[in-house]
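Numbered per my numbering, the sequence shown spans residues 582 to 907.
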Amino acid sequence: MKTIYLVIPCYNEEAVLPETTKRLIELMTHLQEKGTITADSRIVLVDDGSKDRTWAMIEEYYRTQPQFFEGIHLSRNQGHQNALLAGMMTVRDRCDAIISLDADLQDDVNAIVEMIEKFTEGYDIVYGVRSARKTDSAFKRMTAESFYKLMNMMGAEVVYNHADYRLMSRRALDGLSQFREVNLFLRGIVPMIGYPSTTVYYERAKRFAGESKYPLKKMLAFAMQGITSLSTKPIRMITSLGALIFVVSIAMIIYCLVRYFTGHTVAGWTSTTISVWAIGGLILFALGVIGEYIGKIYLETKQRPKYFVETYLSDRSVQHDDLTER
Ligand code: UDP
Ligand code: MG
């Protein structure tokens, strides 16, 4: 039996909460009766500075059913990723694993059963992956899928079609807590933690009430945030472009000289054209080189953890007291 906490960020979700909590209570009760999860398991609702009745409702759930609910109220709206992180970091010491999911239940809750199974088998991280997006509009589907492609192209490795529906074991969460960066892009950071990981597939449903809090503008900002907080590949692309243009400029120099000696030019054309190409290429290349160093500084300032020990085999049982005073 495992103690599982479900962490749910909620921003202006008064329309969906009654249905969401009803379905989750059903699921929790079922899992508790089956003996899969302990009675200490909880649903943690994180209010991300909502402007509607969300927090009042969460307080009410906690007051009437403390055996199911916990509530966390953030001081103001901090965005989905931060709300999720706040929830996970607040409760990670109280459970064996956390499953994060959205308040609108677009991610099929039945996958939770499978996630817990995988966790019992020994996986530390279980990614929920959307197998189909039949219910999303063609536009949302296209933009969302290009989002994952763009991210990977730009060197920010994310699990394809995986959002923030995932299970993380306690030690994976402890690992996550060691990433001190301010711009924390969970989808990119979690795979960096390592440990045995696997995926479960589910079908994405429609939001049954309320509106999406991720219009296209926010999604683009989210992609930018993901790329710039995970990858220095854009800088490298500038370096390559600079090198490429410089190579092209050599060809241009030869061409210009040939034109010059065969007399097909007006005065000044050769020197002007050559300088435009050669200097342009050199400037871009130099910018790229400077960028490489800035990229290094950027990675250093993040002070990311360098490793996590998964197992340490040793037949010595060392007590700290024995080792002192050598
Ligand atoms: N959310 C949040 N803070 C925000 C925006 C969204 O906590 O500033 C929560 C929201 O309540 C929901 C989840 O993030 O539980 C995902 O949002 P939504 O369903 O609107 O995104 P979509 O599924 O359309 O991508
Ligand atoms: Mg949604």
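Even glycine gets a Cβ: it sits at the ideal position worked out from N, Cα and C.
Quantities reported herein were computed from a predicted structural model and do not represent experimental measurements.
Ligand 1 has no heavy atom closer than 7 Å to the beta-carbon of N764. Shortest gap from the CB of D705 to any heavy atom of ligand 1: 7 Å or more. Ranked by how close their Cα comes to the Cα of R817, the residues M735, E891, A667, T724 have M735 in first place. Remark: C-beta atoms of G668 and V707 do not approach each other more closely than 8 Å. For T701, the number of other beta carbons within 10 angstroms of its own is below 16, and it is reported as exposed.
In this structure, the beta-carbon distance from M696 to I680 falls below 8 Å. Counted as a single uninterrupted DSSP element, the stretch harbouring D745 is not any alpha helix (DSSP H) but the beta strand (DSSP E) occupying residues 743–750. Relative to ligand 2, D683 has its C-beta within less than 7 Å of a heavy atom. Of all C-beta pairs linking the stretch 809–828 to the stretch 780–787, fewer than three are shorter than 8 Å, placing the two stretches out of contact. Using a Cβ distance threshold of 8 Å, T820 and F866 count as a contacting pair.
Taking C-beta separations shorter than 6 Å and ignoring five residues to either side along the sequence, the partners of I808 in its chain run M735, A737, following chain order.
Under a 10 Å Cβ-count criterion, N742 is classified as buried, with 16 or more other Cβ atoms of the shown protein chains found around its own Cβ. Between Y836 and S778, the gap from beta carbon to beta carbon reaches 8 Å or more. In the DSSP assignment, the residues bridged to P590 are V627. The nearest non-hydrogen atom of ligand 1 is less than 7 Å from the C-beta of I589. Residue pairing by DSSP puts E651 in a beta bridge opposite V625.
Here K887 carries a coil assignment [DSSP, helix/strand/coil]. Taking non-hydrogen atoms of ligand 2 into account, the C-beta of Q662 is found less than 7 Å away from none of them.
T780 sits in a strand when the DSSP states are folded into three classes. By the C-beta density criterion, Q884 is exposed, having fewer than 16 other C-beta atoms within 10 angstroms. Just measuring C-alpha positions, the residue of K798, M773, D683 sitting nearest A664 is D683. Here the stretch 786–795 lies against the stretch 588–596, with 3 or more beta-carbon pairs under 8 Å apart.
Per DSSP, V771 has no beta-bridge partner at all.
Put simply, the stretch 836–845 does not touch the stretch 876–890. Fewer than three CB pairs are less than 8 Å apart. Out of Q806, R752, A725, D677, the CA that lies nearest to the CA of E891 is found in R752.
Short of 8 Å from the beta carbon of P886, and not among the five residues preceding or following it, lie these beta carbons of its own chain, in chain order: G756, Q759, F760. Distances from the CB of Q806 to the heavy atoms of ligand 1 are all 7 Å or more. C-alpha of I606 to C-alpha of R673: approximately 21 Å in a straight line. When DSSP states are grouped into helix, strand and coil, D677 belongs to the coil group.
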